[in-house]
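Here's the structure we're looking at; comments come further down.
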Amino acid sequence: VRARRPAAAAAAAAAAAAAGGAGRGPPGSWGKWVRLNVGGTVFLTTRQTLCREQKSFLSRLCQGEELQSDRDETGAYLIDRDPAYFGPILNFLRHGKLVLDKDMAEEGVLEEAEFYNIGPLIRIIKDRLEEKDYTVAQVPPKHVYRVLQCQEEELTQMVSTMSDGWRFEQLVNIGSSYNYGNEDQAEFLCVVSKELCNSPNGLGSEPSRKAQLLQARGSRM
1 VRARRPAAAA AAAAAAAAAG GAGRGPPGSW GKWVRLNVGG TVFLTTRQTL CREQKSFLSR
61 LCQGEELQSD RDETGAYLID RDPAYFGPIL NFLRHGKLVL DKDMAEEGVL EEAEFYNIGP
121 LIRIIKDRLE EKDYTVAQVP PKHVYRVLQC QEEELTQMVS TMSDGWRFEQ LVNIGSSYNY
181 GNEDQAEFLC VVSKELCNSP NGLGSEPSRK AQLLQARGSR M
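Residue 95 in full-length UniProt numbering sits at position 95 of the sequence shown, with consecutive numbering throughout.
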């Protein structure tokens, strides 16, 4: 019986140590796997993944630093952020690549990357946004042209309606004339143009009321 006492004492010590380790935090907070409740969506990942960027919020969180973060009933860390943008961030920590769905805005992921303080991801997204802006800037502007037929007395009114980006290009006297009251009136062709605004879908902006009036005049020819 005496020979078994050291073994029993060692088992008791191990059990006490395990109990002490379990008392350090809720389930899942100190093991290999970590649960994150981001905006109501639970993500399961490893402590190694979260600690890949040492200065990030997630690394500090899983290393037990003094951060104000509550836990839900399962022990998952509660983070009040958009879960839709958290997926790409977590995947970046897993494999180091930024992979986005076609409908996901890079600006939204950038906002979350800055919140979590993930430096390499912030630089990647900013570089992509700058490259996209540069590409758009290099696209030559497109113009739409209208040829309007007007009478001499209508020239002043037509010029006053040329706003919303419309620009006068050329005025051509077509040579015909007619009597209006006691005065002879000539007719003109007026060429106007407008630069189309670039938009994400490649279409110009919706024409304003004045622009529609100019287009209507051009369609009468």
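Glycine residues also receive a C-beta, built at the ideal position from the N, C-alpha and C atoms. For clarity, every value in this text was computed on a predicted model and none was experimentally measured.
Note on the stretch 132-172: whole beta strand (DSSP E) runs with a minimum of 3 residues are 142-151, in chain order. Under the three-state reduction of DSSP output, G108 falls in the helix class.
In the three-state reduction of the DSSP assignment, A84 falls in the helix class, which pools H, G and I.
Annotated as proximal: E114 and I122, with beta-carbon spacing under 8 Å. By the criterion of at least three beta-carbon pairs nearer than 8 Å, the stretch 68-76 is not in contact with the stretch 93-102.
Annotation: the continuous alpha helix (DSSP H) that includes R47 extends over R47 to L50. Per DSSP, R35 is not a residue of any alpha helix (DSSP H); the beta strand (DSSP E) it occupies stretches across W33 to V38.
The C-alpha of E131 is placed about 17 Å away from the C-alpha of K102. The three-state secondary structure of E53, taken from DSSP, is coil.
Out of A186, C150 and Q185, the CA that lies nearest to the CA of V192 is found in C150. In the DSSP assignment, L100 falls outside any beta strand (DSSP E) and carries neither an H nor an E.
For a cut-off of 8 Å, the C-beta gap from L78 to N117 is around 18 Å, too long to register as a contact.
When DSSP states are grouped into helix, strand and coil, S69 belongs to the coil group. Closest by C-alpha distance to F168, out of S69, C190 and Y85, is C190. Around the beta carbon of S69, fewer than 16 other beta carbons lie within 10 angstroms, which makes this residue exposed.
Around N173, the same chain offers A186 and F188 as residues with beta carbons nearer than 7 Å, after the five sequence neighbours per side are excluded. Comparing alpha-carbon positions, the option among P83, Q54 and G108 lying closest to L129 turns out to be G108. Listed in chain order, the non-local C-beta contacts of E152 below 6 Å within the same chain comprise Q185 and A186, local neighbours out to five positions each way being set aside. Looking only at V159, P140 and P141, the smallest Cα-Cα distance to L148 is reached by V159. The three-state secondary structure of I124, taken from DSSP, is helix.
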